[in-house]
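First residue of the first sequence? That's 633 in this note's numbering, and the numbers climb one at a time after it. The C-beta atom is built at its ideal place from N, Cα and C for all residues, glycine as well. Since this is a predicted model, take the numbers as computed values, not measurements. Reading through the structure tokens given below for one structure.
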Amino acid sequence: MAGRASAQRGDNGWGEWGGYMAAKKRKLEEQFDKDCMNNVQQHERKSNIFHGISIFVDGHTEPPADELKKLMIEHGGVYHAYYSKDKVTYFISNNLPYAKIRKLKPNDKVVGSQWIIDCIKQNKLLPTHDYEMYKDITKSRGQTELNFKRIEPMKIITSDFNVPNSDDEENNSFEKTSSSSSETEEIQAEDDDNLSALNAKHPKFLETFLKRSRLHYLSSAAVAKKVYVQDLRKKSEHRLLIEKQREELKNKLQRTERDYLFKLNDEKKDKIYMHIDMDCFFVSVATRNQPELRDQPIAITHSKGKKSTTSNENQFYSRSEISSCNYAARQYGVRNGMYLAQELCRNHNAKILCLPYDYEGFHIVSDLFYNTVLSYTLDVEAVSCDEMYVDLTDLILYLKPLHPLTFISLLREEIQLNTKCPCSAGLASNMLLARLATRQAKPNGQFYVEKGYEQEFISKQKILDLPGIGLSLLDKLQQNCSHHTIEICKQIQNLFSLEQLKTILGKKQGQTIYDMSRGIDMRTLSKDYLPKSISIDINYGIRFQTFDELTLFIKQLSLELHKRLKQAKQKGKQLTVKIRVRSLNAPIEPEKFMGCGRTDDSSRLINLHSYTDDVTTIESETIKLLKQFHFIVADLRGVGITITQLQSTTKTTHGQDINGTRTLFECNQFRVSKPAISIDNDDTNQNADQPSESSVTRKRPIQQEQTTTIARK
DNA sequence: ATCCTCCCCTAC
DNA sequence: TAAGGTAGGGGAGGAT
Ligand SMILES: Nc1ccn([C@H]2C[C@H](O)[C@@H](COP(=O)(O)OP(=O)(O)OP(=O)(O)O)O2)c(=O)n1
Ligand SMILES: [Mg+2]
Ligand SMILES: [Mg+2]
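This is the structure we're talking about:
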């Protein structure tokens, strides 16, 4: 019964949220990084107001962590570089990332940094009550805002969303689309708070949300690119194009000495990989026709961020995420994925320019980027819309004598020319090192980790930069090594044996980290893309009062999922439903407008009778599973449906391309040209998938409790 | 041992 | 206001 009643644990199991050092990660390039640890400087003691108090600073704060550390020490407190449940009294953070808020445990107290400032100012220990950030906030939004304002570093002016400056980009859609199609009576209005009702109860919500979600864009675009590369491999014409391109390049090559000297690639199995990634992709695209803007800090956000035409202290409270920011902005510590809020509040980057999403542009540029690379080789593994791995071995052999740096220099030039956007690339003998090389190369650069320098290179790489290693895994390591601050690969090499790593992280992950920290990576490009799951998840705007409302939404999700299965030409035999329910002690409304806040998650799967992509099956099975959870409908904050155990509907040998290739123009809402390809319709085929009632569900006695999930008051 | 379910984590 | 999606690796621990 492992999972089941998980409603309670949720984040639990996470035990210690420990040293997460998100700060570390963020501070990557910030001067005040250094060792926040025992930087035992002799701070002058000024008071003792913080006696007995210890803090752990997480994320970006104003003033920055080392300043807070100094203040704490000067006033009798203790500063911990790593979180330790027993020792730390308070977290200090002004904007924890969403992922971490969800991990907070009931007893964790997160306090805004202003608390420290105010305490010092008044020279006494103030109650933290008004500075606590992620605690129950009874209800009203107003209160939420108030609460927040308190802790804002410099009393920000909240107003200023001033009048809806209408137009301004294309703010079309549902504004008026009232029409209230069918079922739901009047969506609009009603509802306690007149929050303009833009939540999942609105019939247009799903469509609107997906159209605007950058994360949905990223996911669907990545899949589309994988499919695109895959399909291109099957086209013989393309091989001819590649040949032509290579010859052309060969002819115009101006070889220099290094090209002739570059031998390597013996007939051994020496490989040379390239990892290539567009620089601050969204920003570069958005400014590709106004490159002169690029010198100033820029971010891509939904919030109009305040153009600060008027001198005034702009900015307000904004939980809008910065999707991408350029390098000028990064100078100030701004990072992708941050909330706009704190950043703008800081005087120095008060004039950060916020630009809207240009999905069509992303699409176009992404295609140009891919097509440019693909015109030279098909040894490509798509990673995302702005990033890929390339096995250059064959190409370099073909063009020899040629130094790979010469090639990627030309390639990047061509990409720049085609897209008007910069990119960076890394070269190395394996994928891991190539990827790390890219990081080093950015922005607008290239870097080759050459043969004799691999150990030196990997030794000094940040552990967090290793692909697949995030805050959680790093923390597990840190917990097992209290004396040192674990930061670079060299330390893993020296401080942990393979066995230790396996014990701490598990068999596979232990081995992987062991290898990676030594620069070892035996992976090869995956050239065969086979989807393993297709799903839809919505964890935003989920606010229902009744199960019927939820049912209506599930209907929409099912239809969307059905379309995705159709488009991917897949059917699945297993269906998983995942829900996110507001944590008991989490505020009704989280900091982020319509966000899901801190939740407890659970999932449940069912084995279907046959491979299916049928809407009604999906819908009914989902509802069935949903009823097996026990939750208060009003507390639901997220739902997801995943189909797994996929099987392609094409006869493998039979012609795939229905209407011309599924070119790069993938997912519905992001298609650029290409009129609709009609994804829906046709349900005619397939072996009847009745709502597979009994569902093989195997054993599982499933305590058939009160299946309902009533919205109780 | 190995499989299965229910997570958790990471990445873009 | 805000648009916190999703695929895939893998671990824990019970079932087989
Ligand atoms: N938390 C994130 C991370 C990324 N993205 C989007 C915007 C990015 O432009 C794009 C590509 O991600 P990258 O990690 O490649 O970041 P950038 O291209 O923006 O910057 P870099 O120059 O570091 O590659 O994905 C996002 O929306 N949210
Ligand atoms: Mg990039
Ligand atoms: Mg990228």
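For P923 and D999, the gap between their C-alpha atoms comes out near 20 Å. T1117 sits in coil when the DSSP states are folded into three classes, being neither helix nor strand.
Shortest Cα-Cα distance from D1169 to any of R1196, S1129 and P1163 involves R1196.
By the C-beta density criterion, T919 is buried, having at least 16 other C-beta atoms within 10 angstroms. Taking all protein chains shown into account, M1063 has 16 or more neighbouring C-beta atoms within 10 Å of its C-beta and is therefore buried.
The residues S1016 and C1017, in chain order, have a CB closer than 8 Å to that of L850 in the same chain once the five nearest residues on each side in sequence are set aside. Look at which beta carbons fall closer than 7 Å to any heavy atom of ligand 3; those residues are D909, M910, F913, V1015, S1016, D1018 and E1019.
Judged by their CB atoms, R1214 and G1229 are nearer to each other than the 8 Å cut-off.
Between the beta-carbon of P929 and that of A973 there is about 15 Å, and that puts the pair past the 8 Å contact cut.
Contact check between the segment 1072 to 1080 and the segment 1054 to 1062: three or more CB pairs, one atom from each, fall below 8 Å, which counts as touching. M1020 is bridged by DSSP to I908 and A1014. Secondary structure note for V1209: its beta strand (DSSP E) is the uninterrupted segment Q1202 to R1214. Only exposed fits L1049, as fewer than 16 other CB atoms lie within 10 angstroms of its CB. Closest by C-alpha distance to D1160, out of V859, G684 and L830, is V859. Taking a cut-off of 8 Å on C-beta distances, the segment 1183 to 1191 does not touch the segment 910 to 918, as fewer than three cross pairs fall below it. In the DSSP assignment, Q886 falls outside any alpha helix (DSSP H) and carries neither an H nor an E.
Beta-bridge annotation (DSSP): S686 is paired with V710.
A straight line joining the alpha-carbon of Y892 with that of Y905 spans about 20 Å. With respect to G1173, N831 sits close: the two C-beta atoms are nearer than 8 Å. With distances taken between CA atoms, H934 lies nearest to M970 out of A1069, R1155, M970 and L1137. In the structure shown, N1239 adopts extended strand secondary structure according to DSSP, grouped into three states. As computed with DSSP, C986 is found in a beta bridge with A931. The closest CA to that of I1152, considering only P1099, N1003 and L1193, is found on P1099.
In this structure, C1113 sits away from S1091, with a CB-CB distance that is not shorter than 8 Å.
Per DSSP, the beta bridge partners of L1268 are V1213. Of the candidates I685, L873, K1094 and D1245, D1245 places its Cα closest to the Cα of L1193. Under the DSSP definition of a beta bridge, Q922 lacks any partner.
In this structure, the CA atom of V855 is about 19 Å from the CA atom of S955.
By the beta-carbon neighbour count (other beta carbons within 10 angstroms, threshold 16), L1130 is exposed.
Annotated as proximal: L1207 and I1275, with beta-carbon spacing under 8 Å.
A residue is called buried when at least 16 other Cβ atoms come within 10 angstroms of its Cβ; G684 does not meet this threshold and is exposed. Of all alpha-carbon atoms in V743, R1212 and F682, the one lying nearest the alpha-carbon of Q754 is that of F682. Within the same chain, and ignoring the five residues on either side of R1071 in sequence, the residues whose Cβ sits closer than 7 Å to its Cβ are D1097. By the Cβ neighbour-count rule, Y1146 is buried, with 16 or more other Cβ atoms within 10 Å of its own.
L1257 and L1109 have their alpha carbons spaced roughly 37 Å apart. When only Cα atoms are considered, I1028 and K895 end up about 10 Å apart.
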